[in-house]
Amino acid sequence: MPTPIEQLTILYHIGYRFPRDEALVQSLFGEVRVAIICGTSSRARKLAHCFSQSNAAQHNHCHTDRFTILLPVPTVLIATHGIGLGSADCLLNDLHQLLTFAHAPPYAFLRVGSSGGLGVPLGSVVVSRNAVNGALRPELPVTVLGAVRHLPAKLDATLSRKLYAFLNKTPALNCVMGDTLCAETFFDSQARTDGVQPLFSPHQAADYLKRCHDAGVRNIEMESLPLAAFANRVGVPAAVACVTFVDRLQDETPTELENKLMELESSAVVTITDFVKSLFVSCKVDELMVN
Ligand code: R2B
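Dropping the structure here:
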């Protein structure tokens, strides 16, 4: 007999539907404790490789071509979120529902991203103290039913501090804790004048970036705010660590060659996965969930 429509849950963007996939999802994702999210499939694959070198670690469990979902070890899921608010919000909603259907234990989100730095040396890893919007407030403005709502965006202070302390112990890595400006668009919202028909002068852009830096912002990216707002809404601890590919106080876009940027990304990825492994070794993953 077909399932009545009111009992169907369809996770459209990752291609799962319930109750059809319930048993499969429980056997695959039932032990997940940390969901690492990142922008690109190649970064997800690098992260997965750090947890396991098996072929199975590279198997994509996303049933659409929108995202990549890897499960290198039963406790760690790695998923891509694409670029920006709309894409990240879709992934986060579907992922949380997937883990709920899996009856996974309490879990934490960790975003491992790339970003533009603000007054920090190229290749620094910025652990976000807060994710802030373009007006430098820790809230996500969204238009809901025709009115703008400001959703509180909170990262987990304990998880973020532990992550920072761990990364800070790695001598080869310059790690900074600071606010992360989450921009709505790549060009205008990030004060770039190299897009089509910029809406402001280079002088105004430099002024804004200086104001951001003075207020404690140390990097700029596009997904920390939807993550912090979503995590706060569903009560899941979340932290963000992003490697910086350019110093926006000096340049508009990365001037380093692609392979140098990939090298910077790789060393950040290795150290961040070491942090996740350390959580399991010392069972600290459970302490994080007592919020
Ligand atoms: C960092 O890099 C991407 C834009 O190039 C975006 O996803 C972000 O947050």
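Take the sequence shown: its position 247, counted from the start at 1, is 246 in numbering that gives the first Met the number 0, and no numbers get skipped. Beta carbons are placed, not taken as given, at the ideal position from N, Cα and C, and that holds for glycine.
For residue i, the nearest candidate out of the options (CA to CA)
i	options	result
residue 229	90, 68, 14	90
residue 219	88, 198, 242, 174	242
residue 44	264, 142, 106	264
residue 120	280, 286, 248, 262	248
residue 276	33, 27, 199	33
residue 222	253, 215, 182	182
residue 122	278, 266, 280	266
residue 279	31, 0, 94	31
residue 67	39, 203, 82	39
residue 159	151, 176, 168, 152	176
residue 237	224, 244, 141	224
residue 153	235, 95, 92	235
Cα-Cα separation between residue i and residue j, rounded to whole angstroms
i	j	result
residue 60	residue 70	8 Å
residue 10	residue 239	25 Å
residue 79	residue 145	30 Å
residue 25	residue 149	35 Å
residue 6	residue 17	8 Å
residue 207	residue 54	47 Å
residue 163	residue 75	20 Å
residue 290	residue 233	Per-residue confidence for residue 290 stands at a pLDDT of 47, beneath the threshold of 50, marking its modelled position as unreliable; the derived number appears in the next sentence. If you take the alpha carbons of residue 290 and residue 233, they lie about 12 Å apart.
residue 51	residue 130	31 Å
residue 58	residue 48	11 Å
residue 213	residue 133	14 Å
residue 107	residue 84	19 Å
residue 36	residue 4	31 Å
residue 226	residue 190	22 Å
residue 29	residue 22	10 Å
residue 63	residue 166	34 Å
residue 202	residue 209	11 Å
residue 125	residue 137	17 Å
residue 192	residue 216	20 Å
residue 127	residue 179	6 Å
residue 96	residue 200	44 Å
Bridge partner(s) assigned by DSSP for residue i
i	result
residue 114	243
residue 220	181
residue 127	177
residue 108	34, 237
residue 143	146
residue 294	Here the chain comprises residues numbered 0 to 290, so residue 294 is not present and cannot be evaluated.
Per-residue burial, residue i [other beta carbons within 10 Å of its own, 16 or more giving buried]
i	result
residue 19	exposed
residue 72	buried
residue 13	buried
residue 161	buried
residue 261	exposed
residue 231	buried
residue 286	exposed
residue 194	exposed
residue 1	exposed
residue 274	buried
residue 101	buried
residue 284	buried
residue 156	exposed
residue 15	buried
Three or more C-beta pairs under 8 Å: does that hold for the segment 256–276 against the segment 162–175?
Yes: the two stretches touch, three or more of their Cβ pairs being nearer than 8 Å.
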